[in-house]
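> Have a look at this one before I ask anything.
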Amino acid sequence: MIKKLIILCAALSALSAHAMKINAAGASFPYAIYSKWFSEYSKQNPDVQFNYQPIGSGGGIRQLIKETVDFGASDAPMKEKDKKKAKWPVLHVPMVLGAVAIAYNHPEVKDQLKLDGPTLADIYLGKITKWNAPQIQKLNPEIKLPESDILVVRRADGSGTTKNFADYLVDVSSEWKQRVGTGKSLRWPTGIGAKGNDGVTSMVENTTGTITYMDLAHARKNNIKTVALKNKAGVYINPTVEAVSASAKGFTPKGKELTGSLINSADKDAYPISALTYILLPMVEKDQKRVEIYKFVEWAITKGQNYAKELFYAPLPEELSKKVVKKVKSL
């Protein structure tokens, strides 16, 4: 029996040594579902192993340009200047939809907190500094809010989550648009920075009085309270899979890249900070590894979508999914 176990272990070790290793890095926003996909795909294809580093969208793009990874990942499409730096053309492949949740930690705010876009912008502009500020109290008349300071937490690294959050604030606040604008990295008017969705999650979990933005999966997995945010139709919406899906109704991608924005959808059931997340595929000469990456991506945008809802992501809309599958199959 022992001899058989030794032989089996040796065989598994040899298989692992000869497995194809695919290196990738980028967005932490989709890390929960990417991890699930990599695990499930490797179970079905044990000769393929993935090493994914959730270093933020900006880091993923930099590593892609430096050619230290086989593919990158970002919640925001690459800028033209970054595309020009890449040795190869880069294809943006939409993988799944998610929400940027506004999360907070204050034990005295026991009921559902409601915010609208202008108020949230003023918090991040440093104009609203108390939990019981008149602007917040007006939106929450049924709650007795505490007279304590708001500690703003934001990302310290280049982040697609930041880009989507800032895109929303640009859309709802002219002052934010003029003073701060949008991008993966910002000149923040206020707040404390933390690295990655894990970093902001840890800070909010362990610090009373904090507010931040993070992907919905991190908020739900760690049981962190989230804000009901007023959408364009005037409805206060919690970040849910269903509300994210509603934001993609009638979505039309821009150009050949299949990219586009879901920010502040007009649908009455839509959560206003919903977004696509992308895998960035460098169009290098096709070899065995490249073919395997294409096979994985096709699997993820078809069978892999079945894992989305349980991990608090929304599957790709049917029409978009068809276009993405067609594009990937053509590779």
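Read in order, the letters of the sequence shown are residues 999 to 1329 in the working numbering. Heads up, the beta-carbon is just placed ideally off N, CA and C, and yes, glycines get one too.
#1: Just to confirm the assignment, what range does the alpha helix (DSSP H) spanning residue 1242 have?
#2: For residue 1244 and residue 1213, which I take to be in contact (beta-carbon distance under 8 Å), what is that distance rounded to the nearest angstrom?
#3: Figure out for me which residue from 1184, 1084, 1028 has the closest Cα to the Cα of residue 1307.
#4: Relative to the alpha-carbon of residue 1052, which residue among 1068, 1043, 1032 has its alpha-carbon at the smallest distance?
#5: Give me the Cβ distance between residue 1291 and residue 1020, rounded to the nearest whole Å; I'm assuming they're in contact under 8 Å.
#6: Leaving aside the five residues before and after residue 1011 along the sequence, list all residues of the same chain whose C-beta is less than 7 Å from its C-beta, in chain order.
#7: Going along the chain, which unbroken runs of the beta strand (DSSP E) with 3 or more residues stay wholly within the stretch 1251-1298?
#8: Measure from the alpha carbon of residue 1173 to the alpha carbon of each residue in 1095, 1068, 1118, 1305, then state which is nearest.
#9: For my contact list, residue 1275 and residue 1073 are in at a C-beta cut-off of 8 Å; report their separation, rounded to the angstrom.
#10: Given 8 Å as the limit, is there contact between the stretch 1182-1196 and the stretch 1079-1096, that is, 3 or more CB pairs closer than that?
#11: Whose C-beta lies closer than 8 Å to the C-beta of residue 1202 among residues of the same chain, with five residues either side of it excluded?
#12: Using 8 Å as the cut-off, can you tell me whether the stretch 1319-1326 makes contact with the stretch 1112-1126, which would need three or more C-beta pairs spanning the two stretches below that distance?
#13: What's the call for residue 1231, buried or exposed, on a 16-neighbour Cβ count within 10 Å?
#14: For residue 1156 versus residue 1056, is the C-beta distance shorter than 7 Å?
#15: State the DSSP-derived secondary structure class of residue 1150, mapped to helix, strand or coil.
Let me spell this out:
#1: Per DSSP, the unbroken alpha helix (DSSP H) holding residue 1242 starts and ends at 1239-1245.
#2: No, residue 1244 and residue 1213 are not in contact; Cβ-Cβ is about 18 Å, not under 8 Å.
#3: 1028
#4: 1032
#5: 6 Å
#6: For residue 1011, the predicted structure reports a pLDDT of 48, less than 50, and the residue's modelled location is therefore unreliable. The matter cannot be settled from this model.
#7: The qualifying runs are 1272-1280.
#8: Comparing Cα-Cα distances from residue 1173 to each of 1095, 1068, 1118, 1305, the minimum goes to 1118.
#9: 5 Å
#10: no
#11: 1101, 1102, 1103, 1151, 1208, 1209, 1210, 1212, 1222
#12: no
#13: exposed
#14: yes
#15: strand
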